[in-house]
Amino acid sequence: MQMVKAMTTNKCDLLAKVEQIVLELISSMINHKNLTLKIPRNCRSMFNLIDNNVGVVEGTFKYRKVVYNRRYSRHRFCLIVYLLTEIHRLQVFGGSCTVRGLYYQDPQTIRSQSYIVAAKLDVCRMLNTSPVYLGIRSAAKGLISGDIKLIMSNGDVMDGNVYCGSIMLPTDYENVERIETNAEMVLIVEKESVFESLLSCNAFSTFGLRFILVTGKGYPDCTTRRIVYRLSVECNLPAYILVDADPFGIEIMLVYQYGSQAMSLFSSGLATPMLRWIGLHPTEIDSISKRAVPLSNYDNKKLIDMLSRSNISVGVRQELCRLQQTQLKAEIESVIDFLSPYYIPTKINRNLYL
Numbered sequence: 025m026q027m028v029k030a031m032t033t034n035k036c037d038l039l040a041k042v043e044q045i046v047l048e049l050i051s052s053m054i055n056h057k058n059l060t061l062k063i064p065r066n067c068r069s070m071f072n073l074i075d076n077n078v079g080v081v082e083g084t085f086k087y088r089k090v091v092y093n094r095r096y097s098r099h100r101f102c103l104i105v106y107l108l109t110e111i112h113r114l115q116v117f118g119g120s121c122t123v124r125g126l127y128y129q130d131p132q133t134i135r136s137q138s139y140i141v142a143a144k145l146d147v148c149r150m151l152n153t154s155p156v157y158l159g160i161r162s163a164a165k166g167l168i169s170g171d172i173k174l175i176m177s178n179g180d181v182m183d184g185n186v187y188c189g190s191i192m193l194p195t196d197y198e199n200v201e202r203i204e205t206n207a208e209m210v211l212i213v214e215k216e217s218v219f220e221s222l223l224s225c226n227a228f229s230t231f232g233l234r235f236i237l238v239t240g241k242g243y244p245d246c247t248t249r250r251i252v253y254r255l256s257v258e259c260n261l262p263a264y265i266l267v268d269a270d271p272f273g274i275e276i277m278l279v280y281q282y283g284s285q286a287m288s289l290f291s292s293g294l295a296t297p298m299l300r301w302i303g304l305h306p307t308e309i310d311s312i313s314k315r316a317v318p319l320s321n322y323d324n325k326k327l328i329d330m331l332s333r334s335n336i337s338v339g340v341r342q343e344l345c346r347l348q349q350t351q352l353k354a355e356i357e358s359v360i361d362f363l364s365p366y367y368i369p370t371k372i373n374r375n376l377y378l
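Rendered as structure tokens:
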């Protein structure tokens, strides 16, 4: 199957690629060959090898093979074909579905939603396209509150000014046709508990700025990341993030900023590089937190992995090194009492962010 340089976003091109893969499988069956799917291992390397719309010669970059006749890869093979079928149907007839919905069509065969998520990434690599264009959504879990109005393509309106609490973000973020707001900034917090604490202490009246409060409840789903991106780019709002001073909190910040490691190639429209990290910074632990705890072995493994990455800034790298040196971490909850009246406004007003 010929690979092209540009990422596939056109519906017709996507359909053609799916159909080409299926035709190759049928040809293999007719000719009594092994049914094999080839998953590019490194799409960036693939792009670098393509010049002026010339197809890549097979073998010039590495594939990972998923073969039906091999017992250890048969389940993944079947899931990929299952997803290709669903993607083709959605592209032809329109609409979308969720990973959860696909799982419950045949949970005994699929076994776990995590298998669908992994197979979806393989499909993105095969089709050279972002998950945005597949029509298969992860269930939304993000919450938003404040001065924001989401106008949906079907005419529905989600108005944060009407609700006293939070609004669950929609699953199909591409149906958000327009965003209206008079806010001056966006504040993202890692956890739902911190989000609720800020709402309960009426943070909207203490900051001195009109703002939008967002949480992805830990690692953010695509909808939450997409809305943050649109608020930053389309609405031209500065975006700030508050996470735990530990390796996993910092990684969550980086997911918002650059995209996840597994899907970094497909982060266009989902990552917000101009995101500002206001805390908690590991260099602050000694001075502001009374509830620091030692890093676990799992934390240290994550630290080593993150320090090996080339795309993190000098400031973030220094904070990671600080964690490694002190072997102490702290949660946002350890400073929850003065987040709203002091910590967050001070960080923003004095530009104390990375």
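Going by the working numbering, the first residue of the sequence shown is number 25, and it counts up by one from there. Backbone N, C-alpha and C define an ideal beta-carbon position, used for all residues, glycine too. These numbers were taken from a predicted model, which means no experiment stands behind them.
- [ ] Decide if residue 273 is buried, meaning its Cβ has at least 16 other Cβ atoms within 10 Å, or exposed.
- [x] Along the sequence shown, read from residue 1 onward, the residue named residue 273 stands at position 249. Buried, because 16 or more other Cβ atoms sit within 10 Å of the Cβ of residue 273.
Open item on the list: Below 7 Å, is the gap between the Cβ of residue 263 and the nearest heavy atom of the ligand PLP?
Closed with: The model on display carries no ligand, and the ligand PLP is accordingly not part of it.
Task: Bounding residues of the alpha helix (DSSP H) (the contiguous stretch that carries residue 350) - done: Indexing the sequence shown from 1 puts residue 350 at position 326. Where residue 350 is concerned, the enclosing alpha helix (DSSP H) stretches over 338-350.
TODO: Locate the beta strand (DSSP E) running through residue 204, then write down its first and last residues.
DONE: As a working note, residue 204 is residue 180 in the sequence shown. 200-204 is the span of the beta strand (DSSP E), which, as asked, contains residue 204.
Open item on the list: Let me check one thing: in DSSP terms, what residues is residue 121 bridge-paired to?
Closed with: The residue you call residue 121 lines up with position 97 of the sequence shown. Its beta-bridge partners are 160.
Task: Nearest neighbour of residue 245, chosen from 192, 271, 107, 207 [CA to CA] - done: As a first step, residue 245 is located in the sequence shown; it is residue number 221 there, counting from the start. The shortest C-alpha separation from residue 245 is found at 192.
Open item on the list: So, for residue 170: in the same chain, excluding its five sequence neighbours on each side, which residues have a beta-carbon less than 7 Å away from its beta-carbon?
Closed with: Your numbering for residue 170 matches position 146 in the sequence shown. These residues qualify, in order along the chain: 184, 207, 228, 235, 236, 237.
Open item on the list: Comparing C-alpha positions only, which one of 91, 64, 152, 86 sits nearest to residue 292?
Closed with: By 1-based counting over the sequence shown, the position of residue 292 is 268. For residue 292, the nearest C-alpha among the options comes from 152.
Open item on the list: If contacts are defined as beta-carbon pairs under 8 Å, then residue 210 and residue 263 qualify, I think. What distance do you get, rounded to the angstrom?
Closed with: Start at 1 with the first residue of the sequence shown, and residue 210 comes out as number 186. Start at 1 with the first residue of the sequence shown, and residue 263 comes out as number 239. Residue 210 to residue 263, Cβ: 4 Å. Contact.
Task: Range covered by the alpha helix (DSSP H) that runs through residue 183 - done: Counting from one through the sequence shown, the residue named residue 183 turns up at place 159. Residue 183 -> not in any alpha helix (DSSP H); beta strand (DSSP E) instead, spanning 181-183.
Task: Outcome for residue 322 when other beta-carbon atoms lying within 10 angstroms are tallied against a minimum of 16 - done: Against the sequence shown, residue 322 aligns to sequence position 298. By the neighbour-count rule (16 or more Cβ atoms within 10 Å), residue 322 is not buried but exposed.
- [ ] Report yes if the CB atom of residue 269 is closer than 8 Å to the CB atom of residue 306, and no otherwise.
- [x] As a first step, residue 269 must be located in the sequence shown, where it is residue number 245. As a first step, residue 306 must be located in the sequence shown, where it is residue number 282. Yes, the pair counts as a contact, with Cβ atoms nearer than the cut-off.
Task: Rounded distance between the beta-carbons of residue 59 and residue 49, thought under 8 Å - done: One-based indexing of the sequence shown puts residue 49 at position 25. One-based indexing of the sequence shown puts residue 59 at position 35. Between residue 59 and residue 49 the Cβ distance is about 6 Å, and since that is below 8 Å, they are a contact.
Open item on the list: Suppose you measure from the CA of residue 333 to the CA of residue 278; what does that come to, to the nearest Å?
Closed with: By 1-based counting over the sequence shown, the position of residue 333 is 309. By 1-based counting over the sequence shown, the position of residue 278 is 254. In a straight line, the C-alpha of residue 333 is about 11 Å away from that of residue 278.
- [ ] Please state if the CB of residue 125 and the CB of residue 159 are separated by a distance shorter than 8 Å.
- [x] Translated into the one-based positions of the sequence shown, residue 159 becomes position 135. Translated into the one-based positions of the sequence shown, residue 125 becomes position 101. Cβ distance not < 8 Å, so residue 159 and residue 125 don't count as in contact.
- [ ] For residue 137, I'd like the list of residues in its chain whose CB is within less than 7 Å of its CB, leaving aside the five on either flank, ordered along the chain.
- [x] Counted from its first residue, the sequence shown places residue 137 at position 113. So the qualifying residues of the chain are 123, 124, 127.
Task: Element boundaries [alpha helix (DSSP H), containing residue 207] - done: Here residue 207 refers to the residue found at position 183 when the sequence shown is read from its first residue. Where residue 207 is concerned, there is no enclosing alpha helix (DSSP H), given that its DSSP letter is neither H nor E.
- [ ] Apply the 10 Å Cβ neighbour rule to residue 82 and answer buried if 16 or more other Cβ atoms are within range, or exposed otherwise.
- [x] Your numbering for residue 82 matches position 58 in the sequence shown. Its pLDDT being 44, under 50, residue 82 is placed unreliably in this model, and the coordinates cannot settle the point.
Task: Residue interval of the beta strand (DSSP E) (run including residue 354) - done: On the sequence shown, position 330 is the one that residue 354 refers to. Premise fails: residue 354 is in no beta strand (DSSP E) and is neither H nor E.
TODO: Whole angstroms is fine: what's the gap from residue 226's alpha carbon to residue 347's?
DONE: Position 202 of the sequence shown, counted from the start, is the residue given in the question as residue 226. Position 323 of the sequence shown, counted from the start, is the residue given in the question as residue 347. Taking the straight line from one Cα to the other gives about 32 Å.
Open item on the list: Between which residues of its own chain and residue 144 is the CB-CB distance below 8 Å, once the five residues before and five after are set aside?
Closed with: If you number the sequence shown from 1, residue 144 lands on position 120. Excluding sequence neighbours, residue 144 sits near 107, 123, 155, 158, 160.
TODO: Go ahead and pull the three-state DSSP assignment for residue 70.
DONE: For the purposes of this step, residue 70 is taken as the residue at position 46 of the sequence shown. With a pLDDT of 37 at residue 70, under the threshold of 50, the predicted position of this residue should be treated as unreliable, though the coordinate-derived value follows. In this structure, residue 70 counts as helix in the three-state DSSP scheme.
Task: Length of the line joining the Cα atoms of residue 298 and residue 327 - done: On the sequence shown, position 274 is the one that residue 298 refers to. On the sequence shown, position 303 is the one that residue 327 refers to. Cα to Cα, residue 298 sits roughly 23 Å from residue 327.
Task: With 16 other Cβ atoms within 10 Å as the buried cut-off, status of residue 367 - done: Translated into positions along the sequence shown, residue 367 becomes position 343. Residue 367 comes out buried.
- [ ] State the DSSP-derived secondary structure class of residue 298, mapped to helix, strand or coil.
- [x] Taking the first residue of the sequence shown as 1, we reach residue 298 at position 274. Coil at residue 298, not helix or strand.
TODO: Tell me, to the nearest whole angstrom, how far the beta carbon of residue 197 is from that of residue 113; I am working on the premise that it is less than 8 Å.
DONE: Start at 1 with the first residue of the sequence shown, and residue 197 comes out as number 173. Start at 1 with the first residue of the sequence shown, and residue 113 comes out as number 89. Not confirmed; about 21 Å, so no contact.
Task: Of the residues 36, 42, 354, the one placed nearest residue 105, counting alpha carbons only - done: The residue labelled residue 105 in the question sits at position 81 within the sequence shown. Ranking the options by Cα distance to residue 105, first place goes to 42.
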